[in-house]
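Undergrad:
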Amino acid sequence: MEAVILATILAIFATMAFGVWRAIQGPSVYDTIVGVNVVGTKTVLLIALITHFTGHADLIDVALVYALINFIAVVAILKLVRRGDLAASGEGSHD
């Protein structure tokens with residue numbers, strides 16, 4: 004069983020390494036965002052594994068908050084890249 008756990012952790016770290024490589028070498032900003040998102044998602048998986056094997060149920064809350072922050076950050080960055088600002092651009096906005 005320990006070999007399976009070790010193999011899983013190594014596979015997660017390998018995919019994190021690919022995500023870091025994509026974030027650094029990405030030819031476009033979208034490739035960089037995908038790479039950073041992969042690293043964030045794999046970090047959530049590692050926290051969930053640590054939670055499962057240590058028995059500290061409080062860490063699952065940390066994983067959920069981290070996943071939420073990762074999602075909100077990616078959406079905000081994509082909005083910034085697409086529009087050039089983070090402000091809402093509706094009829095009710097005053098400049």
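Going from the sequence shown to the numbering used here is simple: count from 1 and add 3.
Built from N, CA and C at the ideal position, the CB exists for glycine as well.
Tell me the DSSP secondary structure of Ala60 in three-state form.
TA: Of the three classes helix, strand and coil, the one that applies to Ala60 here is coil, per DSSP.
Undergrad: If I follow the unbroken alpha helix (DSSP H) through Gly87, where does it start and stop?
TA: Segment: none, Gly87 is in no alpha helix (DSSP H) and carries neither H nor E.
Undergrad: Using CA coordinates, which residue listed in Val7, Asn40 and Ala10 is at the minimum distance from Ala76?
TA: Considering only alpha carbons, the answer is Asn40.
Undergrad: On a CA-only basis, which of Gly58, Thr18 and Phe74 is nearest Ile36? Give me that one, please.
TA: Answer by Cα proximity: Phe74.
Undergrad: Between the C-alpha atoms of Thr46 and Gly58, what's the straight-line distance to the nearest angstrom?
TA: Rounded to the nearest angstrom, the two C-alpha atoms are 18 angstroms apart.
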